[in-house]
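Mapping of the sequence shown onto our numbering: residues -4 to 276, in sequence order. We put the beta carbon where it would ideally sit given N, CA and C, even for glycine. The structure appears right after this line, and notes come after that.
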Amino acid sequence: MKVITTIDEVRDQVKSWRNNGESIGLVPTMGYLHEGHQSLMASAKKDNQRVIVTIFVNPMQFGPKEDLASYPRDLERDKKACQQMGVDLIFWPSADEMYDANFNSYVNVNGLTDALCGKKRPGHFKGVCTVVTKLFNITQPDRAYFGQKDAQQLAVIQRMVQDLNIPIEIIGCPIVRESDGLAKSSRNSYLSEQERLAAICLYRSIEQAKQMIKAGEKSVATILKAMQNVINNEPLAKIDYIEFVDFATLTNVDVLKQDSLCALAVYIGKTRLIDNFIYHH
Ligand code: AMP
């Protein structure tokens, strides 16, 4: 497995794979890898002859008051996680390698990025779409793998490749959870022992919603109320948002329908966690 820090070297490697007719799967990450990331690598490995993992904590997608400086980083640990999954190449660029001093081009997906996290994190998806486009152009994969954990990101990227005719197949992968249901996340490492216990309330609220839906409830207002109750009962938790939207358009739905996305963001202490589920009949 190679660890490469420059764009030129990635291009050379990709060219030689392409010359051999080998297919390439891309898994973009911010590192501090866990089994969620590894499930994406496993899918990429299954579908492609070569797998590239990128590890880049992208400054452009962090707001001025967000956790860019404290975001967890551990390349040695990440190397092992990638090696375990049979990854061929890690691209681990510096911010200077990705953004030169005169950098001035951006990719914006409108509409979809006004909803959910986009409302709470202005500029976030502009940063995501710009860096993902760059990573696509640098690695030129056949397929790229994204987790449903970041459901809005998945919807936005799918829109972007369709709108801009980017010839890459986007594969969405299911959420990987801890044994108590907490969605795996690099940011879980911020949680104290007490906060880690409190963090289960996100999944509990999802379970509550699913139970009501199973019993026939279709009113989004009624389901939201019950979810809010679950989270408000946890003293360390503070709701940022809970919403039901159509997964394709991300516009709000009042009555549950096929492919409704229920997405939530909740502060546990200072740590902002997200989770979601998509409703299918
Ligand atoms: P991140 O490093 O947090 O930017 O995540 C990189 C990719 O891994 C994104 O496509 C995420 O959606 C995906 N991912 C993160 N956590 C999980 C998880 N628990 N289950 C599935 N995919 C995940």
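**Message:** Spatial neighbours of Y185 within its chain, please: C-beta separation below 6 Å, excluding the five flanking residues on both sides.
**Reply:** For the purposes of this step, residue 185 is identified with residue 190 of the sequence shown, where counting begins at 1. Same-chain partners within the cutoff: T266.
**Item:** Limits of the unbroken alpha helix (DSSP H) element including I208
**Value:** Taking the first residue of the sequence shown as 1, we reach residue 208 at position 213. For I208, the enclosing alpha helix (DSSP H) covers residues 195 to 209.
**Residue closest to V104, alpha-carbon to alpha-carbon, out of R154, A221, N15** = Numbered from 1 along the sequence shown, position 109 holds the residue referred to as residue 104. Residue R154 is the option with its Cα nearest to V104.
**Message:** Below 8 Å on the Cβ atoms is my contact criterion, and I expect V215 with C196 to pass it. Report the Cβ-Cβ distance as a whole number of Å.
**Reply:** Here residue 215 refers to the residue found at position 220 of the sequence shown. Here residue 196 refers to the residue found at position 201 of the sequence shown. With a Cβ gap of about 20 Å, V215 and C196 do not count as contacting.
**Asked** Since L35 sits in a beta bridge, which residues does DSSP pair it with?
**Response** For the purposes of this step, residue 35 is taken as the residue at position 40 of the sequence shown. Per DSSP, none; premise fails for L35.
**Prompt:** Alpha carbon to alpha carbon, what distance is there between C77 and P23?
**Reply:** Within the sequence shown, residue 23 is the residue found at index 28, counting from 1. Within the sequence shown, residue 77 is the residue found at index 82, counting from 1. Cα to Cα, the separation comes out at about 12 Å.
**Prompt:** Which stretch, first to last residue, makes up the alpha helix (DSSP H) that contains K325?
**Reply:** Residue 325 lies beyond the range of the chain shown here (-4 to 276); nothing can be said about it.
**Request:** Would you decide whether H119 is buried or exposed? Buried here means 16 or more other CB atoms lie within 10 Å of its CB.
**Result:** Here residue 119 refers to the residue found at position 124 of the sequence shown. The residue is buried, with at least 16 neighbouring Cβ atoms inside 10 Å.
**Request:** Would you kindly work out how many angstroms separate the C-alpha atoms of N97 and G264, rounded to a whole number?
**Result:** In the sequence shown, the residue the question calls residue 97 occupies position 102. In the sequence shown, the residue the question calls residue 264 occupies position 269. Cα to Cα, N97 sits roughly 38 Å from G264.
**Item:** Simplified DSSP assignment, three categories, for A232
**Value:** As a position in the sequence shown, residue 232 is number 237, starting the count at 1. Of the three classes helix, strand and coil, the one that applies to A232 here is strand, per DSSP.
**Request:** Evaluate contact between the segment 137 to 157 and the segment 166 to 175, counting only Cβ atoms and requiring at least three cross-stretch pairs below 8 Å.
**Result:** yes
**Message:** Let's test the definition: count the other Cβ atoms within 10 Å of the Cβ of M211 and tell me whether it reaches 16, buried, or not, exposed.
**Reply:** For this step, residue 211 is matched to residue 216 along the sequence shown. Residue identity differs from the one stated: residue 211 is Gly in this sequence, not Met. Label assigned to G211: exposed.
**Residue burial classification, R45 (beta-carbon count within 10 angstroms, cutoff 16)** = Position 50 of the sequence shown, counted from the first residue, corresponds to residue 45. Per the 10 Å Cβ criterion, buried.
**Item:** Every unbroken beta strand (DSSP E) inside the segment -3 to 83 [3 residues or more]
**Value:** Qualifying beta strand (DSSP E) stretches, in chain order: -3 to -1, 19 to 24, 45 to 50.
**Residues whose Cβ lies closer than 6 Å to any heavy atom of ligand 1, in chain order** = T24, M25, G31, H32, S34, L35, F141, G142, K144, D145, C168, I170, V171, A178, K179, S180, S181
**Message:** Check this for me: beta carbons of A139 and V240, under 8 Å apart or not?
**Reply:** Indexing the sequence shown from 1 puts residue 139 at position 144. Indexing the sequence shown from 1 puts residue 240 at position 245. Cβ distance not < 8 Å, so A139 and V240 don't count as in contact.
**Prompt:** Since V(-2) contacts I85 with CB under 8 Å, what's their CB separation in whole angstroms?
**Reply:** Reading the sequence shown from its first residue, position 3 is the one you call residue -2. Reading the sequence shown from its first residue, position 90 is the one you call residue 85. Between I85 and V(-2) the Cβ distance is about 5 Å, and since that is below 8 Å, they are a contact.
**Asked** In or out: S89 buried (at least 16 other Cβ within 10 Å) or exposed?
**Response** One-based indexing of the sequence shown puts residue 89 at position 94. Classification for S89: exposed.
**Request:** Write down every uninterrupted run of the beta strand (DSSP E) in the segment 77 to 157 whose length is 3 residues or greater and which is fully enclosed by it, in chain order.
**Result:** Segments of the beta strand (DSSP E) lying fully in the segment 77 to 157: 84 to 86, 138 to 142.
**Asked** In three-state terms, what does DSSP make of N271?
**Response** Looking up residue 271 in the sequence shown gives position 276. If DSSP states are grouped into helix, strand and coil, N271 belongs with the strands.
**Prompt:** In terms of residues, what are the limits of the beta strand (DSSP E) holding L259?
**Reply:** As a working mapping, residue 259 is identified with position 264 in the sequence shown. Following the DSSP letters along the chain, one finds L259 inside the beta strand (DSSP E) bounded by residues 255 to 263.
**Prompt:** If you drop the 5 nearest sequence neighbours on each side, which residues of the same chain put their C-beta closer than 8 Å to that of K205?
**Reply:** Working through the sequence shown from its first residue, we reach residue 205 at position 210. Here the set comprises F272.
**Message:** Taking the straight line between their C-alpha atoms, what separation do you get for K41 and T246?
**Reply:** Here the question's residue 41 lines up with position 46 in the sequence shown. Here the question's residue 246 lines up with position 251 in the sequence shown. Cα-Cα distance, rounded: 34 Å.
**Item:** Identified DSSP bridge partners for G167
**Value:** Working through the sequence shown from its first residue, we reach residue 167 at position 172. F141, per the DSSP bridge assignment.
**Prompt:** Can you pull the DSSP bridge partners for D241?
**Reply:** As a position in the sequence shown, residue 241 is number 246, starting the count at 1. In DSSP, D241 forms a bridge with S255.
**Length of the line joining the Cα atoms of W12 and Y198** = Taking the sequence shown and counting its residues from 1, the one referred to as residue 12 is at position 17. Taking the sequence shown and counting its residues from 1, the one referred to as residue 198 is at position 203. C-alpha separation (whole angstroms): 42 Å.
**Message:** Looking at G284: is its Cβ nearer than 8 Å to the Cβ of V52?
**Reply:** In this structure the chain extends from -4 to 276, so residue 284 is not present and cannot be described.
**Prompt:** So, T142 versus G31, is the Cβ gap smaller than 8 Å?
**Reply:** Start at 1 with the first residue of the sequence shown, and residue 142 comes out as number 147. Start at 1 with the first residue of the sequence shown, and residue 31 comes out as number 36. Reading the sequence as shown, one finds Gly at residue 142 and not Thr. In this structure, the beta-carbon distance from G142 to G31 falls below 8 Å.
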